[in-house]
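The sequence shown begins at 1 in full-length UniProt numbering and counts up by one.
Below is one structure, written out as C-alpha cells, with a few remarks after it.
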Amino acid sequence: MFQNDYNDMVSIDDLCEMLSIGKNTAYHLLKTQQIKSFKIGRIWKIPKESVINYIRLQSNSNSSF
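Listed below in C-alpha cells is the structure:
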C-alpha cells in the first residue's frame, strides 16, 4: 500500500491524495470522526494508521455484499 510513502502523521492534502477524494470529503470524514484525528490550532493532525484503519473498515464493509 502506501505505508512507506508517507510520514506517521499526514496532512489534509496527503489524505486527499491517499483516498483520491476532495478536501470537502476529507474534512467531512475528519469532522464525523470516521477517520480518527485531532487539531492543534487550525491544523488537522491525522495519524497514518487511522487512514489505514479506515480503508480496512471500508473494505470489510463493502465485501459483505
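Using N, Cα and C, we set each Cβ at its ideal position, and we do this for glycine too.
State the DSSP-derived secondary structure class of residue i, mapped to helix, strand or coil.
i          : result
residue 46 : strand
residue 7  : coil
Just confirm the distance between the C-beta atoms of residue i and residue j, as a whole number of angstroms; I'd bet it's less than 8 Å.
i          : j          : result
residue 15 : residue 46 : 6 Å
residue 9  : residue 48 : 7 Å
Select from the options the residue whose C-alpha is nearest the C-alpha of residue i.
i           : options           : result
residue 137 : 5, 52 and 13      : Residue 137 falls outside the range modelled here, since the chain spans only 1 to 65, and no answer is possible.
residue 43  : 60, 54, 30 and 50 : 30
Just to confirm the assignment: which complete alpha helix (DSSP H) runs, minimum length 4, are found wholly within the UniProt domain "Helix-turn-helix" (10-56)? 12-19 and 23-31
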